[in-house]
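Chains as they are written, first to last, in this note's numbering: chain V, 2 to 260; chain H, 232 to 593; chain D, 60 to 374. Backbone N, C-alpha and C define an ideal beta-carbon position, used for all residues, glycine too.
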Amino acid sequence: MAKRIDVSDLDIYYGNFKAVEGVNLSIEPRSITALIGPSGCGKSTFLRSLNRMHEVIPGARVEGKVVIEGQDLYGSDVDPVDVRRQIGMVFQRPNPFPTMSIYDNVAAGLRLNAKKTSKSDMDGLVERSLKGANLWNEVKDRLNRPGSGLSGGQQQRLCIARAIAVQPEVLLMDEPCSALDPISTLAVEDLMMELKEQFTIVIVTHNMQQAARVSETTGFFNLNGVGQPGRLIEYNPTEKIFSNPDEKATEDYISGRFG
Amino acid sequence: MSTSTQQSSAGPDTSASSPNPLGGHEKQAPWVPWAVFGAAAVLALGIGLLTSWNIVLFVIYTVVLGTLGTYVLSRVTEGPRKAVDRLVTCLVISAFGIAMVPLVSLVYEVVRRGAERFDGEFFTASLQGIIGPGGGAYHALMGTLIITLLTTLISVPIGLMTAIYLVEYGSGRLKRSITFLVDVMTGIPSIVAGLFAYALFVLIFGPGVRLGIMGAVALSVLMIPVIVRSAEEVLKLVPNELREAAYALGVPKWRTILKVVIPTAIAGLATGVTLAIARVIGETAPLLITVGITNALNFNPFDGRMATLPVYAYYQLTQPGVPPENAIDRAWTAALVLIMLVMGLNVVARLISRLFAPKTSR
Amino acid sequence: MTSTTSAPPAQQPKSRPGDRIFAGSAKGAGILILVILAGVALFLISESVPALTASADEISGDGGLASYIGPLVFGTLLSAVIALLVATPLAVAIALFITFYAPRKLAAGLGYVVDLLAAIPSIVYGFWGIFWLAPRLVPFYRWLEENLGFLPFFAGPVSSTGRTMLTIGLVLAVMILPIVSAISREVFSQVPTLHTEAALALGATRWEMIKIAVIPYGKSGVIGGSMLGLGRALGETMAVAIILSGSAAGITWALISSANPQTIAANIALQFPESTGLAVNTLIASGLALFVITLLVNMLARWVVNRRADFSGAN
Numbered sequence: 002m003a004k005r006i007d008v009s010d011l012d013i014y015y016g017n018f019k020a021v022e023g024v025n026l027s028i029e030p031r032s033i034t035a036l037i038g039p040s041g042c043g044k045s046t047f048l049r050s051l052n053r054m055h056e057v058i059p060g061a062r063v064e065g066k067v068v069i070e071g072q073d074l075y076g077s078d079v080d081p082v083d084v085r086r087q088i089g090m091v092f093q094r095p096n097p098f099p100t101m102s103i104y105d106n107v108a109a110g111l112r113l114n115a116k117k118t119s120k121s122d123m124d125g126l127v128e129r130s131l132k133g134a135n136l137w138n139e140v141k142d143r144l145n146r147p148g149s150g151l152s153g154g155q156q157q158r159l160c161i162a163r164a165i166a167v168q169p170e171v172l173l174m175d176e177p178c179s180a181l182d183p184i185s186t187l188a189v190e191d192l193m194m195e196l197k198e199q200f201t202i203v204i205v206t207h208n209m210q211q212a213a214r215v216s217e218t219t220g221f222f223n224l225n226g227v228g229q230p231g232r233l234i235e236y237n238p239t240e241k242i243f244s245n246p247d248e249k250a251t252e253d254y255i256s257g258r259f260g
Numbered sequence: 232m233s234t235s236t237q238q239s240s241a242g243p244d245t246s247a248s249s250p251n252p253l254g255g256h257e258k259q260a261p262w263v264p265w266a267v268f269g270a271a272a273v274l275a276l277g278i279g280l281l282t283s284w285n286i287v288l289f290v291i292y293t294v295v296l297g298t299l300g301t302y303v304l305s306r307v308t309e310g311p312r313k314a315v316d317r318l319v320t321c322l323v324i325s326a327f328g329i330a331m332v333p334l335v336s337l338v339y340e341v342v343r344r345g346a347e348r349f350d351g352e353f354f355t356a357s358l359q360g361i362i363g364p365g366g367g368a369y370h371a372l373m374g375t376l377i378i379t380l381l382t383t384l385i386s387v388p389i390g391l392m393t394a395i396y397l398v399e400y401g402s403g404r405l406k407r408s409i410t411f412l413v414d415v416m417t418g419i420p421s422i423v424a425g426l427f428a429y430a431l432f433v434l435i436f437g438p439g440v441r442l443g444i445m446g447a448v449a450l451s452v453l454m455i456p457v458i459v460r461s462a463e464e465v466l467k468l469v470p471n472e473l474r475e476a477a478y479a480l481g482v483p484k485w486r487t488i489l490k491v492v493i494p495t496a497i498a499g500l501a502t503g504v505t506l507a508i509a510r511v512i513g514e515t516a517p518l519l520i521t522v523g524i525t526n527a528l529n530f531n532p533f534d535g536r537m538a539t540l541p542v543y544a545y546y547q548l549t550q551p552g553v554p555p556e557n558a559i560d561r562a563w564t565a566a567l568v569l570i571m572l573v574m575g576l577n578v579v580a581r582l583i584s585r586l587f588a589p590k591t592s593r
Numbered sequence: 060m061t062s063t064t065s066a067p068p069a070q071q072p073k074s075r076p077g078d079r080i081f082a083g084s085a086k087g088a089g090i091l092i093l094v095i096l097a098g099v100a101l102f103l104i105s106e107s108v109p110a111l112t113a114s115a116d117e118i119s120g121d122g123g124l125a126s127y128i129g130p131l132v133f134g135t136l137l138s139a140v141i142a143l144l145v146a147t148p149l150a151v152a153i154a155l156f157i158t159f160y161a162p163r164k165l166a167a168g169l170g171y172v173v174d175l176l177a178a179i180p181s182i183v184y185g186f187w188g189i190f191w192l193a194p195r196l197v198p199f200y201r202w203l204e205e206n207l208g209f210l211p212f213f214a215g216p217v218s219s220t221g222r223t224m225l226t227i228g229l230v231l232a233v234m235i236l237p238i239v240s241a242i243s244r245e246v247f248s249q250v251p252t253l254h255t256e257a258a259l260a261l262g263a264t265r266w267e268m269i270k271i272a273v274i275p276y277g278k279s280g281v282i283g284g285s286m287l288g289l290g291r292a293l294g295e296t297m298a299v300a301i302i303l304s305g306s307a308a309g310i311t312w313a314l315i316s317s318a319n320p321q322t323i324a325a326n327i328a329l330q331f332p333e334s335t336g337l338a339v340n341t342l343i344a345s346g347l348a349l350f351v352i353t354l355l356v357n358m359l360a361r362w363v364v365n366r367r368a369d370f371s372g373a374n
């Protein structure tokens, strides 16, 4: 299921403001790619442009190409809703639907899209997804309780289960651990290591140790100053970025000299 | 509290009479104002017994004398700044007391007079063939329920969809002008809404037309802005993260609104609708000129005049016939039922918002 | 920053039928609001045209439409202004009491009690006004005439029923009290704690704190709120129709006599059910005048309130 992503000459705008400029990179399937950089450098904006979520904000648009296994995401006949079905997303703060039970939250992707699914198929899917998110053992006895009753870390894994239940090809994670305590963070990181067997994962993180721990490849975003567009400064194997980066700015950022 | 009196004499050379830096002399003990008002009450009682006894005058004298006494005493012992502060305190409390007079007297009066005919017949009989005692408001009650239901059926979809437009879709000039005009619409006098409905139906049916549905149209003009306002507030409270979560699952916007946003906001929406119903159910003026009145049962809002509870109360009071007492008693009971309906809806609204409050707290 | 203004054509999102229908009907509902409001104005105008074009002697009374509607407009404004003068100070005091004086635990409950006044149907106020309030005011009116009768407001002869302009003003004041006090309360509760605490830290008494920090901040909100109340009072119908013993008194400033000008709204409610032909058009024309007056007052009030909202949103 995992697919490769090629981005070429991507510029992202909010109205007339250019938020991200000239991004070129290729993301390998079945791997974890981490995006790091100081606040406001456009890494989250870039992540959201990979499944066209940034279009939710009025006036947002892109120039350039994002190609997933030969399919141009921004082709004129491409429906952003279809794109999002293929490319799932997990957000910074866990956001289970408060009106739905744990079971319904996992089933939400299919239910909300009015896909006819038999009860037993749905049960199987929910169980597989929750198992896939390492949550099954903790919640299997209370599937009908509201999802908002879980702890923060459990809620985030519930959101991951919800995202993988629609069987996407790519999973985008926007600082998925920044609202979690260290133990929950570890659980989510373990989960990512398992999920990369099936999915292409792109994660935005502020935590450089996390990038070093989980990712194969790391991209460093930076911006020259306030009001300037963010740029991809360096894109290399994680090991190289953290030991011997090509760019001076990357080294400064990683060694904590700014950001 | 009383320990702070020490402060004024803490300085090395302050004599007992010189003010402390904050301008006060000494702080009054908390019971002093109460004692002053007690004394004022005794004095007022004395005046009342000497002249003519009157409970209203007694209360007025007590409040005025107590306020004056508190002010003067405080001015002597605490200085002018404190005295003004105490005067204002007395005034704002009195203002609240004054506002309670109409509320309490009104409820008391309506319950007392309305209880007279608050019986089974009132809720089961119409006025057909009734001269003198007996009779009821069954037809008016049903009319009110039918017209209110119709109003709700017209207003809720329009109001809710408008709120959805304003919160989820709207932008720019159209959104601003709709928001502004909804505000303006809240201020349309109810009688003007009635005239609008009349003028609209006259174009179709000719002059003199009276229909239940006309009343529903008139009331909708009053109800829609209330619903838009409340629904807009509630929809804005739904966290954006939930919309994004749905979009990220590949759910189209309209299904996100229907299946995620509205269910999350449903308690608030229901509260708003209930309060909007409470707002229009007691409206009289628009129904008076669009629906009219009848003594007989008419459950068909598309055929002729209907009775409604407020209009029924109005005509029973103003055109009671001979002897007037029977009709006036019925009028008061109708007023009592109206108040109970409105208050009941208010209580229901509060219950809804309390019981089904969104469990989003994280 | 090159060619940032023109969006590439490839990005026009393909919309699905469900989305189009739903967004369209939401927008349609919004536009319907505009249509309704325009319709109110349009239908009122079209139905008042016969009265506007009729010759003076066809209109009820003598002197034509202007002299028919004139006293009604006067009565409407007079009663609403009395209500405003009585209600505003009272409402502000109540709002201050609930926000700054009442114990924290009680405050919400007390606010709800005041709001109950708004829940009572206007016809019930009419019942209360004519049976409870009006008779109790008669001795007070007699006293006013004896002691202040030299003022044109309190000129005799005093009404023996108490169903006078002043009574109406007081009843309307009670009816608009909740709306004015609710908005005042909202404004007062938005006063930044920083300001109130700064005043208290300077050693101000509670009243001085209100004078320094609360009143300047809340002034325009209170003004806007009382104008909304004015709009409500102008259009109030049933209470006036029941209580006021109106007559063709013309324009008079006497507030406690038995000869009172009627208000537009009450006059419509009283006359409409029995009217036919041109009389109906005349009433609708007076309704149009009321619509225009309330529209102006409400737009002004909203403008004041919204301008304040913009201002407070900026900090």
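What is the DSSP secondary structure of L528(H), counted as helix, strand or coil?
coil
Tell me the residue span of the beta strand (DSSP E) that contains K66(V).
A61 to I69
Run through DSSP, which three-state label would V665(H) get?
The question about residue 665(H) has no answer, for chain H in this structure spans 232 to 593.
For A477(H), return the contacting residues in chain V, with the cut-off set at a CB-CB distance below 7 Å.
L113
By a C-beta neighbour count over all protein chains shown, 10 Å radius and 16 as the cutoff for buried, is W262(H) buried or exposed?
exposed
Which partner residues does E22(V) have in the DSSP bridge list?
R232(V)
Under 8 Å between beta-carbons, which chain H residues line up against K164(D)? List them in chain order, please.
The premise fails here: K164(D) is roughly 16 Å from chain H at the closest Cβ pair, so nothing lies under 8 Å.
Among T525(H), I512(H) and T549(H), which has the Cα closest to the Cα of L376(H)?
I512(H)
Name the chain V residues that come within less than 8 Å of Y582(H), Cβ to Cβ?
The sequence as given places Leu at residue 582(H); Tyr does not occur at that position. Residues of chain V with a Cβ closer than 8 Å to the Cβ of L582(H) do not exist, since the nearest Cβ in that chain sits about 19 Å away.
Just mark T301(H) as buried or exposed, buried being the case when its beta carbon has 16 or more other beta carbons within 10 Å.
By the 10 Å Cβ count, T301(H) comes out buried.
Could you please give the first and the last residue of the uninterrupted beta strand (DSSP E) stretch that includes A35(V)?
I33 to I37
Check each candidate in L259(D), D116(D) and V281(D) and name the one with the smallest Cα separation from I271(D).
L259(D)
So, with DSSP's three-state summary, where would you put A350(H)?
According to the sequence as given, residue 350(H) is Asp; it is not Ala. In the structure shown, D350(H) sits in coil (DSSP, three-state: anything other than H, G, I, E or B).
Could you tell me which chain D residues have their CB closer than 7 Å to the CB of Y396(H), listed as they occur along the chain?
Going along chain D in sequence order, the residues near Y396(H) (Cβ under 7 Å) are A85, K86, A88 and G89.
Can you give me the C-alpha to C-alpha distance between I302(D) and F186(D), rounded to a whole angstrom?
8 Å
Whole angstroms are fine: how far does the CA of L337(D) sit from the CA of A125(D)?
15 Å
Mapping the DSSP letters down to three states, classify T220(D) as helix, strand or coil.
coil
Any idea if F213(D) is buried or exposed, counting beta-carbon neighbours within 10 angstroms, 16 or more meaning buried?
buried
For P237(D), does the three-state DSSP call read helix, strand or coil?
helix
Can you tell me where the beta strand (DSSP E) with L223(V) in it begins and where it stops?
Correcting the residue identity first, residue 223(V) is Asn in this sequence and not Leu. It spans T218 to L224 - the beta strand (DSSP E) in which N223(V) sits, taken as one unbroken run.
For the stretch 90-112 of chain V, list every residue whose C-beta sits within 7 Å of some C-beta in chain H, in sequence order.
M90, F92, R94, N96, F98, P99, T100, A109 and G110
Rank Y200(D), S138(D), L175(D) and L196(D) by C-alpha distance to the C-alpha of T311(D) and give the top, closest one.
S138(D)
Smallest Cα separation from I355(D): which of A562(H), P420(H) and Q550(H)?
With the sequence shown as reference, residue 355(D) is identified as Leu, and Ile is not the correct amino acid for it. Nearest C-alpha to L355(D): P420(H).
Along the chain, where does the alpha helix (DSSP H) containing L192(V) start, and where does it finish?
Note, L192(V): alpha helix (DSSP H), P183 to L196.
Just how far apart, CA to CA, sit M454(H) and I238(D)?
Their backbone Cα atoms lie some 17 Å apart in a straight line.
May I ask you to report which of helix, strand or coil DSSP gives Y75(V)?
Of the three classes helix, strand and coil, the one that applies to Y75(V) here is coil, per DSSP.
Within the 8 Å Cβ cut-off, does R129(V) reach chain H?
When Cβ-Cβ separations below 8 Å define contact, R129(V) makes no contact with chain H.
Closest to G594(H) by CA distance: which of I153(D), G215(D) and L289(D) is it?
Residue 594(H) lies beyond the stretch modelled for chain H, which goes from 232 to 593, so this question has no answer here.
Out of A100(D), S114(D), R75(D) and A150(D), which has the shortest C-alpha to C-alpha gap to T353(D)?
A100(D)
Measuring only the C-alpha atoms, how far is P438(H) from L358(H)?
27 Å
Could you name each continuous alpha helix (DSSP H) segment of 4 residues or more that falls completely within the stretch 291-358 of chain D, going from the start of the chain to the end?
At a cut-off of 4 residues, the continuous stretches assigned as alpha helix (DSSP H) that sit fully inside the stretch 291-358 of chain D are 297-302 and 323-330.
For V171(V), which option in R49(V), P99(V) and L181(V) has the closest C-alpha, if you only look at C-alpha atoms?
R49(V)
With DSSP run on the structure shown, which of helix, strand or coil describes L136(V)?
coil
Could you name the residues of chain H that T296(D) contacts, counting a contact when the two beta carbons are closer than 8 Å?
P420, S421, I422, T515 and A516
Listing by chain order, which chain H residues have their CB less than 7 Å from the CB of V57(V)?
E475 and Y478
State yes or no: is the beta carbon of V82(V) nearer than 8 Å to at least one beta carbon in chain H?
yes
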